[in-house]
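Peer 1: Below: one structure in structure tokens.
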Amino acid sequence: MTYIRWTVIVLFWLLVGAFFHYTLPQHDIVRVSDTYEKRVDFGENSWFWSQADAGNDPNTANRDVFFIQTRLANGKVMVYRNEDTGWGWPPYFKFDTSNLQAEAADLKSASSEPKWAVIKHYGWRNEFMSIYPNAISVKAVDGPDVTIIPWLNIIILTLFFATVWAIYVRWRRFRARRIDPVLEEVGESFEAAGDSLADRRGRISRWFASWRS
Amino acid sequence: MFALARLSLIGFVVLTIIYFSLSLYSRAVRRGKLEQEWDEEGMTGDKDAFIREGLEDYDGSLRRKLILGVYIVPVTLVILIIYLTNFY
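Chains as they are written, first to last, in our numbering: chain A, 24 to 236; chain B, 1165 to 1252.
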């Protein structure tokens, strides 16, 4: 029972962690090497794509998506998609996809003369499902060593855990005051029933014993 | 525009539920405070009238109007996010 309980708890928190890791903004320091667009036919990875540009037909089976190709400050490559989130989830309310593509194209540079930029994005890159993080904004920075403090994430996560803690404490108090006494009472009456049953059985077996001898 | 309409509708329904729950809760808290005040100060006379008057004062108060922030804060937040994401 304890194993099941802990499995459920761990799975739940892994899910919560994955949700925040996917949804909250993260910053990468990159050198934009190219920008392009390609047609995407959404399949089983359609969860990980956003929607058509605001105002376009949302029901098309496929569409062209902007991409930003980059090399990260640590030398690895990263490809971002660049899509509107519109009025949907996650609530970035991004409508300026084409402008962002223009900004990214403007920051294009070769490795011999790198121009560094910070890309704010959410989402995951996964080669096995062909999914890409969605770029939210791009901004030129001086070098590859700038530090960025994720204030928004700090605030959101603090508020979230404060809320969870508040609910947890209240639930504990409610249980101690209202549910535990009732359960104890039920347990006691069960015990009492068990005692009287044992007593009766005792009497019957004693009667049998007397009858046998 | 359909997406915006959907967001507005769902948002309005959810916020309205929060608004009414909060209003009822806040009024109940105020009633409890008035009752406590009556008992502690050992006042005499019509307790119900005292509480009714206190609640009528509360109905006209700024504190009650602040609950409208339930609508105002999220809408402001959305406008702020739209500005920061697209035009900043």
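We treat Cβ as the ideally placed atom computed from N, Cα and C, and that holds for glycine.
Note that this is a predicted model, so its numbers are computed, not measured.
Find the residues of chain B that neighbour A:W110, judging by a C-beta separation of less than 7 Å, and give them in chain order.
Peer 2: As a working mapping, residue 110 of chain A is identified with position 87 in the first sequence. Neighbours of A:W110 on chain B, chain order: A1167, L1168, L1171.
Peer 1: With C-beta atoms as the reference, is B:S1187 less than 7 Å away from B:I1231?
Peer 2: As a position in the second sequence, residue 1187 of chain B is number 23, starting the count at 1. As a position in the second sequence, residue 1231 of chain B is number 67, starting the count at 1. Contact: yes.
Peer 1: Check the DSSP bridge columns for A:H144 and list the partner residues they point to.
Peer 2: Stepping through the first sequence from its first residue, residue 144 of chain A is reached at position 121. A:H144 pairs with A:Q49, A:A158.
Peer 1: Would you list the residues sitting across from A:E60 in a DSSP beta bridge?
Peer 2: Along the first sequence, one-based indexing puts residue 60 of chain A at 37. Bridge partners of A:E60: A:F89.
Peer 1: What does A:R94 pair with, by DSSP beta-bridge criteria?
Peer 2: Working through the first sequence from its first residue, we reach residue 94 of chain A at position 71. Answer by DSSP bridge pairing, in chain order: A:R54, A:V100.
Peer 1: Between the beta-carbon of A:K143 and the beta-carbon of A:P48, is there less than 7 Å?
Peer 2: As a working note, residue 143 of chain A is residue 120 in the first sequence. As a working note, residue 48 of chain A is residue 25 in the first sequence. Yes, they are a contact pair.
Peer 1: Excluding the five sequence neighbours on either side, which residues of its own chain have a C-beta within less than 8 Å of the C-beta of A:T108, listed in chain order?
Peer 2: If you number the first sequence from 1, residue 108 of chain A lands on position 85. Correct list, in chain order: S73, Q74, P114, Y115, F116, K117, N157.
Peer 1: Alpha helix (DSSP H) containing A:N176: first to last residue?
Peer 2: Indexing the first sequence from 1 puts residue 176 of chain A at position 153. A:N176 -> alpha helix (DSSP H) spans 174-197.
Peer 1: How would you list, in chain order, the residues of chain B whose beta-carbon sits under 9 Å from the beta-carbon of A:D119?
Peer 2: Taking the first sequence and counting its residues from 1, the one referred to as residue 119 of chain A is at position 96. Residues of chain B passing the Cβ test: T1249, N1250, F1251.
Peer 1: Which of the three DSSP states is assigned to A:N244 in this structure?
Peer 2: In the structure displayed, chain A extends from 24 to 236; residue 244 of chain A sits before or after that span and is not available.
Peer 1: Please name the residue or residues paired with A:A215 in a DSSP beta bridge.
Peer 2: Looking up residue 215 of chain A in the first sequence gives position 192. According to DSSP, A:A215 bridges with nothing at all.
Peer 1: Name the chain A residues whose beta carbon is nearer than 9 Å to that of B:I1182?
Peer 2: In the second sequence, the residue the question calls residue 1182 of chain B occupies position 18. Within 9 Å Cβ-Cβ: nothing; B:I1182 doesn't reach chain A, min ~14 Å.
Peer 1: Kindly confirm or deny that the stretch 145-162 of chain A and the stretch 120-127 of chain A touch, where touching means at least three C-beta pairs closer than 8 Å.
Peer 2: Yes, since at least three Cβ pairs between the stretch 145-162 of chain A and the stretch 120-127 of chain A fall closer than 8 Å, the two stretches touch.
Peer 1: Taking a contact to mean a Cβ-Cβ separation below 7 Å, would you say A:R62 touches A:D80 in this structure?
Peer 2: For the purposes of this step, residue 62 of chain A is taken as residue 39 along the first sequence, with counting starting at 1. For the purposes of this step, residue 80 of chain A is taken as residue 57 along the first sequence, with counting starting at 1. No.
Peer 1: Grouping DSSP H, G and I as helix and E and B as strand, with all else coil, what is A:N105?
Peer 2: In the first sequence, residue 105 of chain A corresponds to position 82, counting from 1. Of the three classes helix, strand and coil, the one that applies to A:N105 here is strand, per DSSP.
Peer 1: What in chain A is Cβ-close to B:I1246, meaning under 7 Å?
Peer 2: Residue numbering aside, residue 1246 of chain B sits at position 82 when the second sequence is read from its first letter. Neighbours of B:I1246 on chain A, chain order: F116.
Peer 1: Under the rule that 16 or more other beta-carbon atoms within 10 Å means buried, what is A:H50, buried or exposed?
Peer 2: Residue numbering aside, residue 50 of chain A sits at position 27 when the first sequence is read from its first letter. By the 10 Å Cβ count, A:H50 comes out buried.
Peer 1: Measure from the alpha carbon of A:V150 to the alpha carbon of each residue in A:V205, A:G225, A:D203, A:V100, then state which is nearest.
Peer 2: Walking along the first sequence from the start, residue 150 of chain A turns up at place 127. Looking at the sequence provided, one finds Glu at residue 150 of chain A rather than Val. Nearest C-alpha to A:E150: A:V100.
Peer 1: In the DSSP assignment, the alpha helix (DSSP H) including B:D1221 goes from what residue to what residue?
Peer 2: In the second sequence, the residue the question calls residue 1221 of chain B occupies position 57. It spans 1211-1223 - the alpha helix (DSSP H) in which B:D1221 sits, taken as one unbroken run.
Peer 1: Determine contact between the stretch 1233-1242 of chain B and the stretch 1170-1180 of chain B, defined as no fewer than three beta-carbon pairs at a distance below 8 Å.
Peer 2: Yes, since at least three Cβ pairs between the stretch 1233-1242 of chain B and the stretch 1170-1180 of chain B fall closer than 8 Å, the two stretches touch.
Peer 1: Taking the alpha-carbon of B:D1221 as reference, which of B:M1207, B:L1198, B:D1210 has the nearest alpha-carbon?
Peer 2: Your numbering for residue 1221 of chain B matches position 57 in the second sequence. Comparing Cα-Cα distances from B:D1221 to each of B:M1207, B:L1198, B:D1210, the minimum goes to B:L1198.
Peer 1: List the residues of chain A whose Cβ lies closer than 8 Å to the Cβ of B:V1242, in chain order.
Peer 2: The residue you call residue 1242 of chain B lines up with position 78 of the second sequence. Residues of chain A passing the Cβ test: P114, F116.
Peer 1: Count the other CB atoms within 10 Å of the CB of A:A140; is the residue buried (16 or more) or exposed (fewer)?
Peer 2: Residue 140 of chain A sits at position 117 when you count from the first residue of the first sequence. Classification for A:A140: buried.
Peer 1: In the DSSP assignment, what residue or residues form a beta bridge with A:N149?
Peer 2: Within the first sequence, residue 149 of chain A is the residue found at index 126, counting from 1. Partner(s): A:I154.
Peer 1: Name the two residues that bound the continuous alpha helix (DSSP H) containing B:S1185.
Peer 2: The residue labelled residue 1185 of chain B in the question sits at position 21 within the second sequence. That run of the alpha helix (DSSP H) goes 1166-1205.
Peer 1: Would you list, in chain order, the members of the stretch 152-170 of chain A that have their beta-carbon closer than 8 Å to a beta-carbon of chain B?
Peer 2: Going along the stretch 152-170 of chain A in chain order, one finds I159, S160 with a Cβ nearer than 8 Å to chain B.
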